[in-house]
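2 protein chains.
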Amino acid sequence: MISLRLYLSIEPETRIGPGKVRLLEEVGASGSISAAARTLGMTYRRAWELIHHMNEAFGQPIVTGTTGSLGGAELTDVGREIITRYREIEQQALKAAEPHLAALSGHIVAPSGPNDD
Amino acid sequence: MISLRLYLSIEPETRIGPGKVRLLEEVGASGSISAAARTLGMTYRRAWELIHHMNEAFGQPIVTGTTGSLGGAELTDVGREIITRYREIEQQALKAAEPHLAALSGHIVAPSGPNDD
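Each protein sequence line maps, in turn, to chains A and B. First residue of the first sequence? That's 485 in our numbering, and the numbers climb one at a time after it. First residue of the second sequence? That's 485 in our numbering, and the numbers climb one at a time after it.
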């Protein structure tokens, strides 16, 4: 099965894809970086770094309240806009890609395993 | 400036994106892995590995004639189809993404450099 993954690439070296968008959505839903990290099975430190990297790439906060771990965190308007626009691009791209992905998936030859007799 | 990058993700761990598609296009154009590698500024070994990985992911050759470095190489029908379908997906996704990318790019705050006074 072939699936499509989309990344927003920000020069020089930031990429916002399915993982970071999911993280932003969880922060928005829970109001907490540590809760979001827990839900996604990553460390608080890793989640904080990903968010910090996005804040740096935009030159303004995408998530606020990221300095201490005690207070809550929330998405800024730009943070919310990233999610909305990414999901809209994804939806339209997936619609366009669907027949192509199905056709290409049909060309994958499964290796014959030991139980294939 | 924010741009869009698309990857075809094949379980368990192959991703075909702009770099590999470009490599396939160059192999098709030159009929040679080493010429394609040279054009793209990568080693022959690296190009061979990327192609080998794609062949493995599909369970059939995407590029043939990859065993020796003396003979030429050419795309199989599936190899050509990957290029065509990737570029079609990309074209439609970019069209849908354009206004979103422009809007998000507008939120990037450029850091003020030492010459900004």
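Think of the CB as a built atom: it goes at the ideal place given N, C-alpha and C, for glycine as much as any other residue.
May I have the straight-line CA-CA distance separating residue i from residue j, to the nearest angstrom?
i, j, result
"S514(B)", "R529(A)", "47 angstroms"
"E510(B)", "A520(B)", "5 angstroms"
"A580(B)", "A557(A)", "31 angstroms"
"S589(A)", "A586(B)", "32 angstroms"
"A540(B)", "A577(B)", "Just to set this straight, residue 540(B) is Glu in the shown sequence, not Ala. So the alpha carbons of these two residues sit roughly 27 angstroms apart."
"I494(B)", "L488(A)", "9 angstroms"
Residue i CB to nearest chain B CB: under 7 angstroms?
i, result
"A580(A)", "yes"
"H584(A)", "yes"
"Y528(A)", "no"
"M486(A)", "As written in the sequence, residue 486(A) is Ile, which differs from the Met given in the question. Yes, I486(A) lies at the interface with chain B (some Cβ there is under 7 angstroms from its Cβ)."
Return the chain-ordered list of same chain residues with a C-beta closer than 6 angstroms to the C-beta of residue i, the five sequence neighbours on each side being excluded.
i, result
"L492(B)", "I500"
So what's residue i in DSSP terms, helix, strand or just coil?
i, result
"E565(B)", "helix"
"E510(B)", "helix"
"I516(A)", "According to the sequence displayed, residue 516(A) carries Ser and not Ile. S516(A) falls in the coil class under three-state DSSP."
"E495(B)", "coil"
"V593(B)", "coil"
"L585(B)", "helix"
"T523(B)", "helix"
"I500(B)", "strand"
Give me, in chain order, the residues of the same chain whose beta-carbon lies closer than 7 angstroms to that of residue i; leave out the 5 immediate sequence neighbours on both sides.
i, result
"F542(A)", "V562"
"K504(A)", "L534, M538"
"E574(B)", "L490"
Measure the beta-carbon distance from residue i to residue j and round it to whole angstroms, keeping in mind my assumption that it falls under 8 angstroms.
i, j, result
"H591(A)", "E572(B)", "With a Cβ gap of about 16 angstroms, H591(A) and E572(B) do not count as contacting."
"R564(B)", "G525(B)", "About 24 angstroms; that fails the 8 angstroms criterion."
Closer than 7 angstroms, CB to CB, is residue i near chain A or not?
i, result
"L588(B)", "yes"
"G525(B)", "no"
Please list, in chain order, all residues of the same chain as residue i whose beta carbon is under 8 angstroms from its beta carbon, the five residues on each side excluded.
i, result
"T523(A)", "E510, S514"
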